[in-house]
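Visitor: Okay, handing you the structure first.
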Amino acid sequence: MNPNNDNPGATVFEWLQSRDDTERLVHFQITDSLVWSFIHRGLVFDAWIFNFNPVLQFFANYVATYFRTLTADAVLAICRFWGQLRPAITPLPILMPGAAIAMPALQPFQHTFANSGGHTDHIWRGMVNNHFHALAIMWEYQAHSNQTAKALAEKFKIKNNIPDKLDDQELARARSDPAERKSYVGELFMAMVDCDNCIDNPLKVRVPKAGRKRGREEFEDDAPADLGVKDGIQVTRVKEAPNLVLEALCWILLDAIIEAQQGNIMTSPWQKMQPNRLYEPYATFRERFDAVVDALRQSKAIIDNMMLVDMVRSLAASPLDNLRRKGLNKEVNKKRKLQIQAGDAVLQSMNEDKAAASSSAQSAGLKEAAEHDAALEQDDGEYEQFEPYHPEEKEGKEEEE
1 MNPNNDNPGA TVFEWLQSRD DTERLVHFQI TDSLVWSFIH RGLVFDAWIF
51 NFNPVLQFFA NYVATYFRTL TADAVLAICR FWGQLRPAIT PLPILMPGAA
101 IAMPALQPFQ HTFANSGGHT DHIWRGMVNN HFHALAIMWE YQAHSNQTAK
151 ALAEKFKIKN NIPDKLDDQE LARARSDPAE RKSYVGELFM AMVDCDNCID
201 NPLKVRVPKA GRKRGREEFE DDAPADLGVK DGIQVTRVKE APNLVLEALC
251 WILLDAIIEA QQGNIMTSPW QKMQPNRLYE PYATFRERFD AVVDALRQSK
301 AIIDNMMLVD MVRSLAASPL DNLRRKGLNK EVNKKRKLQI QAGDAVLQSM
351 NEDKAAASSS AQSAGLKEAA EHDAALEQDD GEYEQFEPYH PEEKEGKEEE
401 E
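Given below as structure tokens:
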């Protein structure tokens with residue numbers, strides 16, 4: 001493949017012309033996957049994640065880099081031009097990051113949220129055809145929150161007088177410039193491994209007592225230990241995580257930040273979160289990126305949560321253990337509820353006793369004051385009269401003497 005940087009579209013067309021039908025199918029599977037991600041997610045992912053052979057890898061990277069310079073309409077137009085060479089058979093499934101094959105490009109009629117009627121009666125209908133269709137349904141379900149996010153972003157722009165089409169150069173570079181993308185990943189990585197001032201609570205532990213000063217006897221072995229602290233479980237897991245895993249997580253997080261800035265949050269509406277918790281609008285990519293970096297630097301629990309095991313996989317691997325742990329959690333929560341109720345009852349009783357004592361004291365004080373006032377009114381006794389003091393008269397008497 002001889003790239004012509006002045007006309008990449010023609011370069012790809014000529015390359016496809018030189019391939020047979022079998023090879024073209026593989027190449028079109030790559031372009032379809034890149035286009036699908038661009039149209040539905042607003043993002044052209046890095047094609048190297050599929051680990052193709054060198055020839056296909058070069059082609060995938062070349063097309064991905066080219067797409068990042070185009071608008072969505074331009075991408076569709078150039079794909080129609082290339083489509084003249086598409087073999088006349090059913091297209092192959094779309095390739096997606098993190099899975100060997102996912103998301104069919106074209107299939108017979110499939111149920112979606114738009115055409116399924118929104119049934120919630122929990123009656124089996126067999127509407128999902130296969131695994132790939134299931135992934136498409138879950139993808140569509142997760143995308144429901146995107147509209148809420150985009151509405152919040154639009155409201156934020158109006159409130160802060162931000163142009164509809166802000167020229168966010170950093171966002172453009174984060175999407176298309178490989179060197180810039182790796183630089184952003186480096187920033188995220190350094191924030192992840194910075195454990196100097198994290199807010200995660202340490203664990204309290206007992207440590208051996210310090211020995212006495214030199215020349216004196218040491219403390220006995222059974223002496224009470226001093227109270228110390230150590231890293232919590234989540235901080236420890238982050239500190240012990242392999243660099244390769246953290247770097248990979250940073251790459252995934254970078255693309256999520258890019259998508260979030262465009263309103264593509266892909267969060268399931270299952271939790272029914274309030275809009276202000278679902279999405280935070282930021283004027284620029286850099287502002288959102290810095291907020292994420294700050295969160296990573298301060299909380300290692302966030303990083304630990306990002307690495308949690310997929311519950312679907314966990315349930316499939318150990319169903320009995322998952323059921324047992326849920327049962328234990330239920331018992332613990334039940335005991336905790338009883339303890340809270342008992343504590344509330346004690347506090348309520350103490351407050352009632354305190355209120356009663358305060359009321360009794362107040363009543364006694366009022367009674368004593370009333371009795372005192374009544375006694376003063378009934379007192380007819382004589383009071384000793386004192387003559388007023390006149391200092392000038394005293395001085396005159398002293399002069400006469």
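According to UniProt numbering, the sequence shown is numbered sequentially starting from 1. Glycine residues also receive a C-beta, built at the ideal position from the N, C-alpha and C atoms.
(1) Contact defined as beta carbons within less than 8 Å: I believe residue 267 pairs with residue 84. What is the distance between those atoms, to the nearest angstrom?
(2) Quick check on the DSSP output: what are the complete alpha helix (DSSP H) runs of length 4 or more inside the stretch 257–316, in order along the chain?
(3) Within 10 angstroms of its Cβ, does residue 75 collect 16 or more other Cβ (buried), or is it exposed?
(4) Just verifying my parser: in three-state terms, what is the DSSP assignment at residue 335?
(5) Jot down the residue ranges of each uninterrupted alpha helix (DSSP H) in the stretch 5–80, minimum 4 residues, whole runs only, in chain order.
(6) Could you give the distance in angstroms between the alpha-carbon of residue 135 and the alpha-carbon of residue 13?
(7) CB-CB under 7 Å to residue 269, same chain, minus the five flanking residues each way: which ones, in chain order?
(8) Count the other CB atoms, across all protein chains shown, that sit within 10 Å of the CB of residue 64; report buried if there are 16 or more and exposed otherwise.
(9) When you compare the CB positions of residue 287 and residue 185, do they come within less than 8 Å of one another, or not?
(10) Put residue 166 into one of helix, strand or coil per three-state DSSP.
(11) Relative to the alpha-carbon of residue 58, which residue among 298, 306, 11 has its alpha-carbon at the smallest distance?
(12) Which residues bound the alpha helix (DSSP H) around residue 122?
(13) Going by Cα to Cα distance, which pick from 283, 130, 202, 78 is closest to residue 155?
(14) The alpha helix (DSSP H) spanning residue 146 covers which residue range?
(15) Within the same chain, show all residues whose beta-carbon is closer than 6 Å to that of residue 194, passing over the 5 residues directly before and after it, in chain order.
(16) Taking just the CA atoms, how far does residue 77 sit from residue 321?
(17) Could you compute how far the alpha carbon of residue 358 sits from the alpha carbon of residue 302?
(18) Work out the CA separation of residue 331 and residue 107 for me, nearest whole Å.
(19) What do you reckon, are the CB atoms on residue 70 and residue 30 nearer than 8 Å?
(20) Find the nearest neighbour of residue 169 within the set 159, 180, 352, 160, judged by alpha-carbon distance.
(21) For residue 160 and residue 153, I'd like the C-alpha separation in whole angstroms.
(22) Which residue's Cα is closest to the Cα of residue 187: 259, 335, 325, 249?
Guide: Taking the structure as given:
(1) Approximately 39 Å separates the beta-carbon atoms of residue 267 and residue 84; this is outside 8 Å, ruling out the contact.
(2) 275–278, 285–298, 300–306
(3) Classification of residue 75: buried, given that the 10 Å Cβ count is 16 or more.
(4) Helix at residue 335.
(5) 8–17, 21–41, 54–67
(6) 31 Å
(7) These residues qualify, in order along the chain: 144, 145.
(8) buried
(9) no
(10) coil
(11) In terms of Cα proximity to residue 58, the closest of 298, 306, 11 is 11.
(12) Segment: none, residue 122 is in no alpha helix (DSSP H) and carries neither H nor E.
(13) 283
(14) 144–159
(15) Hits under 6 Å: 297.
(16) 53 Å
(17) 48 Å
(18) Because the pLDDT at residue 107 is just 40, under 50, the model does not fix this residue reliably, and the value given afterwards should be weighed accordingly. Their backbone Cα atoms lie some 48 Å apart in a straight line.
(19) At a Cβ-Cβ threshold of 8 Å, residue 70 and residue 30 do not count as neighbours.
(20) 180
(21) 11 Å
(22) When the alpha-carbon of residue 187 is set against those of 259, 335, 325, 249, the nearest one is in 249.
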